[in-house]
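Residue numbers (my numbering): 8 to 133.
Heads up: the structure comes next, in structure tokens.
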């Protein structure tokens with residue numbers, strides 16, 4: 008659920024500015040192995056379906072990491088989202104033109120939303 012709901016900031020931004028609301032999903036497809044090795048081929052490279060698959064896989068990975076690190080609460084989730092954004096967008100993403108082309112602020116907000124949505128709300132319990 009967090010993987011889908013966390014895309015709300017960039018989706019709303021795209022709709023408000025007349026941009027493609029699937030731009031981030033298509034950019035995620037460029038991260039897939041072999042996506043760049045066969046330009047113009049009849050594969051799923053650059054498609055929303057491939058992007059969604061990559062996005063779910065990356066989100067599952069970060070969910071696992073945050074669970075293992077026992078990140079808790081809204082503030083912990085927000086900080087985790089900022090750190091994930093820094094790595095995903097500014098370190099890894101800078102090598103991918105499709106990711107670099109994304110509007111920065113909405114993407115950072117998506118990552119913060121993901122962090123907030125994926126971590127438990129309370130430090131009590133599990």
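The C-beta atom is built at its ideal place from N, Cα and C for all residues, glycine as well.
Bear in mind that the values here come from a model prediction, so they are computed numbers and not experimental data.
Could you give the DSSP three-state label for residue i: helix, strand or coil?
i: residue 49; result: Below a pLDDT of 50, predicted positions are generally treated as unreliable, and residue 49, at 45, falls in that range; the measurement from the model is reported next regardless. The answer is coil: DSSP assigns residue 49 none of H, G, I, E or B.
i: residue 28; result: coil
i: residue 84; result: helix
Drop a sphere of 10 angstroms on the beta-carbon of residue i, count the other beta-carbons inside from all chains shown, and report buried for 16 or more, exposed for fewer.
i: residue 113; result: buried
i: residue 71; result: exposed
i: residue 118; result: buried
Confirm, please, whether the CB-CB distance from residue j to residue i is below 7 Å.
i: residue 10; j: residue 86; result: no
i: residue 122; j: residue 80; result: no
i: residue 18; j: residue 59; result: no
i: residue 36; j: residue 106; result: no
i: residue 13; j: residue 108; result: no
In the DSSP assignment, find the alpha helix (DSSP H) that holds residue i and state where it starts and stops.
i: residue 117; result: 111 to 125
i: residue 97; result: Run containing residue 97: none; DSSP gives neither H nor E here.
i: residue 58; result: 55 to 75
i: residue 40; result: Element bounds for residue 40: n/a, residue is neither H nor E.
i: residue 10; result: 9 to 12
i: residue 107; result: 104 to 107
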